[in-house]
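Visitor: Structure provided below as structure tokens; questions to follow.
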Amino acid sequence: MKESLKNITPFENKIWLASPTMHGDEQKWVDDAIATNWVSTVGANINEVERLTAEKTGREYAVALSSGTAALHLAVKLCAEELYGKPAAGHGALEGKKVFCSDMTFDATVNPVAYEGGEAVYIDTEYDTWNMDPEALEKAFEIYPDVKLIVLAHLYGTPAKMDEIKAVAKKHGALIVEDAAESFGASYKDVQTGCFGDVSVISFNGNKIITGSSGGMLITDSKAHADKARKWSTQSREAAQWYQHEEIGYNYRMSNIVAGVVRGQMPYLEEHIAQKKAIWERYEKGLSGLPVKMNPWDRENSSPNFWLSCMIIDESALAPMVRGEQDYLYSSEPGKSSPHEILDAIASINAEGRPIWKPMHMQPIYRMNAFITKQGSGRGQSNAYIAGSVTDAGADIFRRGLCLPSDNKMTPEQQDRIIDIIHRCFK
Numbered sequence: 013m014k015e016s017l018k019n020i021t022p023f024e025n026k027i028w029l030a031s032p033t034m035h036g037d038e039q040k041w042v043d044d045a046i047a048t049n050w051v052s053t054v055g056a057n058i059n060e061v062e063r064l065t066a067e068k069t070g071r072e073y074a075v076a077l078s079s080g081t082a083a084l085h086l087a088v089k090l091c092a093e094e095l096y097g098k099p100a101a102g103h104g105a106l107e108g109k110k111v112f113c114s115d116m117t118f119d120a121t122v123n124p125v126a127y128e129g130g131e132a133v134y135i136d137t138e139y140d141t142w143n144m145d146p147e148a149l150e151k152a153f154e155i156y157p158d159v160k161l162i163v164l165a166h167l168y169g170t171p172a173k174m175d176e177i178k179a180v181a182k183k184h185g186a187l188i189v190e191d192a193a194e195s196f197g198a199s200y201k202d203v204q205t206g207c208f209g210d211v212s213v214i215s216f217n218g219n220k221i222i223t224g225s226s227g228g229m230l231i232t233d234s235k236a237h238a239d240k241a242r243k244w245s246t247q248s249r250e251a252a253q254w255y256q257h258e259e260i261g262y263n264y265r266m267s268n269i270v271a272g273v274v275r276g277q278m279p280y281l282e283e284h285i286a287q288k289k290a291i292w293e294r295y296e297k298g299l300s301g302l303p304v305k306m307n308p309w310d311r312e313n314s315s316p317n318f319w320l321s322c323m324i325i326d327e328s329a330l331a332p333m334v335r336g337e338q339d340y341l342y343s344s345e346p347g348k349s350s351p352h353e354i355l356d357a358i359a360s361i362n363a364e365g366r367p368i369w370k371p372m373h374m375q376p377i378y379r380m381n382a383f384i385t386k387q388g389s390g391r392g393q394s395n396a397y398i399a400g401s402v403t404d405a406g407a408d409i410f411r412r413g414l415c416l417p418s419d420n421k422m423t424p425e426q427q428d429r430i431i432d433i434i435h436r437c438f439k
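Following this line, the structure appears as structure tokens:
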């Protein structure tokens with residue numbers, strides 16, 4: 013450990029990466045659900061959060077589900093059946109089909125492709141927003157011209173380059189599932205994220221900018237899609253007095269109690285975004301003298317929700333670091349640092365950071381899947397990131413980047429201490 017990091021007093025109470033922020037209104041609507049005995053998967057809270065979400069995003073329909081992952085699954089299934097028809101019994105809607113997917117994301121974005129028997133083809137990231145690279149996407153269509161579905165995520169609440177991505181999708185007749193799980197309230201060219209997919213998804217997981225402790229939302233302009241998602245989410249029960257089932261269904265509907273928490277949170281969305289933006293800006297200012305940069309965004313065309321503040325270390329100031337599958341090793345050098353040295357230093361004062369999402373093409377479960385950069389196939393390149401000669405952007409950002417404590421209850425004084433710790437890591 014560097015001398016500058018020794019004998020530092022930790023915070024008495026932990027500073028979290030991103031934790032729920034309750035305001036009191038949530039209790040009101042949860043109590044109302046209990047008092048009226050509407051505690052299952054129907055009720056006024058569900059109806060209201062669907063209305064509020066559709067109103068906020070500008071979409072026609074919103075379907076409240078048990079999680080963002082459930083919403084992603086149904087979104088992928090809806091688009092797959094629109095493209096390829098209803099599958100035979102026992103088969104997934106994407107059986108034998110490839111799907112172009114964001115590479116740098118949480119695996120919940122891409123797992124539904126596998127749920128439906130499809131094969132994800134991972135598209136490299138670009139440096140301007142840390143999202144799917146439109147040039148790599150176009151290259152992927154040159155290699156796999158028959159693909160008709162794209163699944164993309166807005167990383168850490170920052171909108172992707174949607175004009176370029178939508179243009180590529182339109183050129184090749186592809187549908188888009190938009191994972192806006194992390195970006196509720198963010199906008200691109202004054203249009204809310206969640207409006208760019210044929211079917212889109214929001215998450216209300218415990219650490220999201222608006223939370224229900226769990227829960228998610230499928231949003232669309234298609235009444236047929238919304239009706240089908242509601243049916244599937246309640247075990248595909250047919251309109252009969254008895255339990256009649258003619259297709260596979262799921263137990264994916266949001267409960268009225270969870271919806272009560274979301275309902276109480278909704279009025280505070282803009283307040284949370286303002287707090288998150290202030291955190292990002294304080295980091296940008298406080299770290300400006302170091303060889304690092306904050307996670308980027310298109311300042312002319314987009315307004316992120318700043319869900320997580322992240323940073324990336326300049327190549328010239330990156331100290332040696334290697335990662336195994338579940339462990340890591342780094343060495344300290346004067347004037348340099350590494351993601352895990354900084355994360356360990358932050359943890360030593362009782363604050364929580366984490367590595368950048370490990371790209372999907374580097375995950376053991378998906379290492380045999382195709383991976384496309386703007387130069388073509390990226391397979392065989394990514395192991396070079398250990399030696400610093402990386403040729404794909406996602407592996408490079410993972411190698412040099414980290415997520416900083418971004419809890420909106422963190423005070424400026426607490427954040428100043430975290431900023432000081434980061435400075436000490438480069439001494």
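Numbering (the numbering used here), first residue to last: 13 to 439. For each residue, glycine too, the CB sits at the ideal point set by N, CA and C.
(1) Residue 329 and residue 136 - do their beta-carbons sit closer together than 7 angstroms?
(2) By Cβ distance below 8 angstroms, which residues in the same chain neighbour residue 138 in space, the five residues on each side in sequence not counted?
(3) Measure the alpha-carbon distance for residue 134 versus residue 412 and round it to whole angstroms.
(4) Along the chain, where does the beta strand (DSSP E) containing residue 197 start, and where does it finish?
(5) So is residue 204 buried or exposed if we call it buried at 16+ other beta carbons inside 10 Å?
(6) Under the assumption that residue 299 contacts residue 77 (Cβ atoms under 8 angstroms), give the Cβ distance between them as a whole number of angstroms.
(7) My understanding is that residue 271 touches residue 55, with C-beta atoms under 8 angstroms, so please give their C-beta distance in whole angstroms.
(8) Does DSSP classify residue 80 as helix, strand or coil?
(9) Touch check for the stretch 262-280 and the stretch 57-70: three-plus C-beta pairs under 8 angstroms?
(10) For a quick check, are the C-beta atoms of residue 275 and residue 75 less than 7 angstroms apart?
(11) Tell me whether residue 277 sits in a helix, a strand or coil according to DSSP, three-state version.
(12) So for residue 166, helix, strand or coil by DSSP?
(13) Roughly how many angstroms separate the alpha carbons of residue 390 and residue 161, rounded to a whole number?
(14) Please report the distance separating the alpha-carbon of residue 16 from that of residue 373.
(15) In three-state DSSP terms, what is residue 131?
(16) Using 8 angstroms as the threshold, is the stretch 169-188 in touch with the stretch 36-43, meaning 3 or more CB pairs across them?
(17) With H, G and I counted as helix, E and B as strand and the rest as coil, what does DSSP make of residue 91?
(18) Determine the direct distance from the alpha carbon of residue 126 to that of residue 381, and round the result to whole angstroms.
(19) Run through DSSP, which three-state label would residue 421 get?
(20) Give the straight-line distance between the Cα atoms of residue 334 and residue 295, rounded to the nearest whole angstrom.
(21) Could you compute how far the alpha carbon of residue 197 sits from the alpha carbon of residue 240?
(22) Expressed to the nearest angstrom, what Euclidean distance is found between the alpha-carbon atoms of residue 13 and residue 47?
(23) When the Cα atoms are used, what is the spatial distance from residue 49 to residue 245?
(24) With DSSP as the reference, please indicate the residues paired to residue 263 in a beta bridge.
(25) Buried or exposed, going by whether 16 or more other CB atoms sit within 10 Å of the CB of residue 338?
(26) Could you tell me which residues DSSP pairs with residue 191 in its beta bridges?
(27) In terms of DSSP beta bridges, what is residue 441 paired with?
(28) Return yes when the Cβ of residue 192 is within less than 7 angstroms of the Cβ of residue 214, no when it is not.
(29) Report yes if the C-beta distance between residue 29 and residue 417 is below 7 angstroms; otherwise report no.
(30) Can you pull the DSSP bridge partners for residue 27?
(31) Give the secondary structure of residue 153 by DSSP, where H, G and I count as helix, E and B as strand, and everything else as coil.
(32) Do you know how far the Cα of residue 350 is from the Cα of residue 120?
(33) Should residue 52 be labelled buried (16 or more other beta-carbon atoms within 10 Å of its own) or exposed?
(34) For residue 201, collect the residues of the same chain with a Cβ closer than 7 angstroms to its Cβ; drop the 5 residues on either side in sequence, then sort them by chain order.
(35) Select from 216, 153 and 103 the residue whose C-alpha is nearest the C-alpha of residue 130.
(36) Would you report the Cα separation of residue 345 and residue 66, rounded to the nearest angstrom?
Guide: From the atom records:
(1) No, Cβ-Cβ distance for residue 136 and residue 329 is not below 7 angstroms.
(2) Same-chain partners within the cutoff: 144, 145, 146, 147, 148, 173 and 405.
(3) Going by the C-alpha atoms only, they are around 20 angstroms apart.
(4) Secondary structure note for residue 197: it is in no beta strand (DSSP E), with a DSSP letter that is neither H nor E.
(5) Note on residue 204: 16 or more other CB atoms within 10 angstroms of its CB, so buried under the neighbour-count rule.
(6) In fact, because the Cβ distance is near 38 angstroms, the residues do not count as touching under 8 angstroms.
(7) Confirmed, about 7 angstroms.
(8) Note: residue 80 maps to helix in three-state DSSP.
(9) Yes: the two stretches touch, three or more of their Cβ pairs being nearer than 8 angstroms.
(10) With respect to residue 75, residue 275 sits apart: the two C-beta atoms are not nearer than 7 angstroms.
(11) Residue state, collapsed to three classes: helix.
(12) Looking at residue 166 - three-state DSSP - the assignment turns out to be coil, as it is neither helix nor strand.
(13) Their backbone Cα atoms lie some 20 angstroms apart in a straight line.
(14) Computed Cα separation, rounded: 37 angstroms.
(15) Strand, per DSSP.
(16) Judged by Cβ distances under 8 angstroms, the stretch 169-188 makes no contact with the stretch 36-43, as fewer than three pairs qualify.
(17) In the structure shown, residue 91 sits in a helix (DSSP, three-state: H, G or I).
(18) If you take the alpha carbons of residue 381 and residue 126, they lie about 11 angstroms apart.
(19) Residue 421 falls in the coil class under three-state DSSP.
(20) Rounded to the nearest angstrom, the two C-alpha atoms are 26 angstroms apart.
(21) Each residue's alpha carbon lies about 26 angstroms from the other.
(22) Going by C-alpha positions, residue 13 is about 56 angstroms away from residue 47.
(23) Approximately 21 angstroms between the Cα atoms of the pair.
(24) Paired residues: 246.
(25) Classification for residue 338: exposed.
(26) As computed with DSSP, residue 191 is found in a beta bridge with 165 and 213.
(27) The question about residue 441 has no answer here: the residues shown for the chain are numbered 13 through 439.
(28) Yes, the pair counts as a contact, with Cβ atoms nearer than the cut-off.
(29) Taking C-beta atoms as the reference points, residue 29 and residue 417 count as a pair closer than 7 angstroms.
(30) DSSP lists 363 as partners of residue 27.
(31) Reduced to three states, the DSSP call for residue 153 is helix.
(32) When rounded, the distance between both Cα atoms is 28 angstroms.
(33) Label assigned to residue 52: exposed.
(34) Excluding residues within five positions, the ones whose Cβ falls inside 7 angstroms are 313.
(35) Residue 103 is the option with its Cα nearest to residue 130.
(36) The straight-line gap from Cα to Cα measures roughly 51 angstroms.
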